[in-house]
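Shown next, in structure tokens, is the structure this report addresses.
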Amino acid sequence: MHSSLVVLLVLSATALLGQAPPVFEVASVKVNKSGTTQANVGMPPNGVNFVNLPLRGIIQLAYGINQPTKLAGVPEWAVTERYDITARAGGPITQEERRLMLQALLADRLKLVARVEKREVSILALMLARGDGKLGKNLVESKGCIAPSKAAAQEAAPTGVETRICGPKTGGAGRLILTGIPIQQLTALLGTMLSRTVIDKTGLTGAYDIDITYTPEQPLPAGVNIPGPAADPNGPSIYTALREQLGLKLESQKDQEEVLVIDHVERQPSEN
422 MHSSLVVLLV LSATALLGQA PPVFEVASVK VNKSGTTQAN VGMPPNGVNF
472 VNLPLRGIIQ LAYGINQPTK LAGVPEWAVT ERYDITARAG GPITQEERRL
522 MLQALLADRL KLVARVEKRE VSILALMLAR GDGKLGKNLV ESKGCIAPSK
572 AAAQEAAPTG VETRICGPKT GGAGRLILTG IPIQQLTALL GTMLSRTVID
622 KTGLTGAYDI DITYTPEQPL PAGVNIPGPA ADPNGPSIYT ALREQLGLKL
672 ESQKDQEEVL VIDHVERQPS EN
């Protein structure tokens with residue numbers, strides 16, 4: 422079950438058990454009337470600082486939702502109406518506590534009513550591209566790497582030997598370099614890149630080294646720079662690159678997925 426929906430069910434369970442959900446000690450929710458689109462998301466250890474965020478984005482942050490298909494029933498105005506939220510707890514809080522507190526704040530100030538239901542949605546399945554199961558040359562079983570801690574890497578690496586750090590490495594706007602990762606981490610990255618739910622159906626286990634070069638579907642937003650070479654505008658799409666370089670493919674399928682449905686939300690926040 423997805424973590425965002427686990428959080429929602431935890432909130433529901435506390436209500437059923439008669440336990441009040443955790444709440445911020447102080448909070449301010451105001452409509453932002455600046456007319457600009459510049460926004461800022463701040464998450465200090467004991468709360469949140471949101472400036473000029475659309476309500477839909479705030480709901481997604483509150484429930485940990487990063488795929489559009491996992492949120493339904495959001496009114497059209499919630500995409501354009503923007504809010505400032507400043508809230509503080511009595512001390513440091515965990516990410517899950519922050520989400521629960523945000524959910525409670527939205528329910529209190531904007532009368533948000535939400536529920537989870539299963540719906541048939543379109544997903545992308547990551548699968549082996551070849552019938553014989555042969556992988557591409559840029560997808561190989563990892564020979565090992567060291568956890569991403571500089572101190573640990575320096576201590577573990579023999580003198581004069583290059584240290585391989587597990588995880589992603591900067592390769593530029595159109596290149597993914599991943600060392601010692603499970604395939605599920607690749608599917609998560611693909612889901613973020615494509616704004617779709619991607620499910621691993623490769624059957625591959627263990628850790629892999631991946632190096633894939635492609636042309637992003639969308640150009641980088643103005644002012645955003647990624648270290649490394651720029652993407653080749655004439656390069657392969659991510660779909661073609663997966664097949665040719667990794668021996669994998671993305672196939673559109675239908676699947677039952679838990680969706681957060683917004684039944685009610687008000688535009689004007691109640692008094693702070």
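The sequence shown begins at 422 in the numbering used here and counts up by one. Glycine is no exception: its CB is placed at the ideal position from the N, C-alpha and C atoms. Since we're looking at a predicted model, the values are computed, not measured.
> Taking Val619 as the reference, which of Gly557, Ile604, Thr636 and Ala528 has the closest Cα?
Replying inline: Nearest in C-alpha terms to Val619, of all of Gly557, Ile604, Thr636 and Ala528, is Ile604.
>> Measuring straight from C-alpha to C-alpha, what distance separates Glu446 and Ile633?
In response: The straight-line gap from Cα to Cα measures roughly 47 Å.
>> What does the Cβ neighbour count give for Gln677, buried or exposed, with the cut at 16 atoms within 10 Å?
In response: It is exposed - the Cβ of Gln677 has fewer than 16 other Cβ atoms within 10 Å.
> At what residues does the alpha helix (DSSP H) containing Glu517 begin and finish?
Replying inline: Element bounds for Glu517: Gln516 to Arg530.
> Which runs of the alpha helix (DSSP H) fall wholly inside the stretch 451-525 and span at least 4 residues, in chain order?
Replying inline: The stretch 451-525 contains these whole alpha helix (DSSP H) runs: 476-484 and 498-501.
> Can you tell which of Gly565, Pro569, Val686 and Gly456 has the C-alpha that lies nearest to the C-alpha of Arg503?
Replying inline: Out of Gly565, Pro569, Val686 and Gly456, Gly456 has the C-alpha closest to the C-alpha of Arg503.
> Glu638 by DSSP, collapsed to three states: which one?
Replying inline: When DSSP states are grouped into helix, strand and coil, Glu638 belongs to the coil group.
> Which value, in whole angstroms, describes the spacing of the CA atoms of Val686 and Gly627?
Replying inline: C-alpha separation (whole angstroms): 44 Å.
> Looking at the structure shown, is Glu665 part of a helix, part of a strand, or coil, going by DSSP?
Replying inline: It is helical.
> Are Leu667 and Met548 touching if we call contact CB-CB under 8 Å?
Replying inline: Cβ atoms of Leu667 and Met548: not closer than 8 Å.
> Between Ala499 and Pro475, is the Cβ-Cβ spacing less than 8 Å?
Replying inline: Yes, they are a contact pair.
>> If distances are taken between C-alpha atoms only, which option among Leu545, Gly588 and Gln459 comes closest to Ile659?
In response: For Ile659, the nearest C-alpha among the options comes from Leu545.
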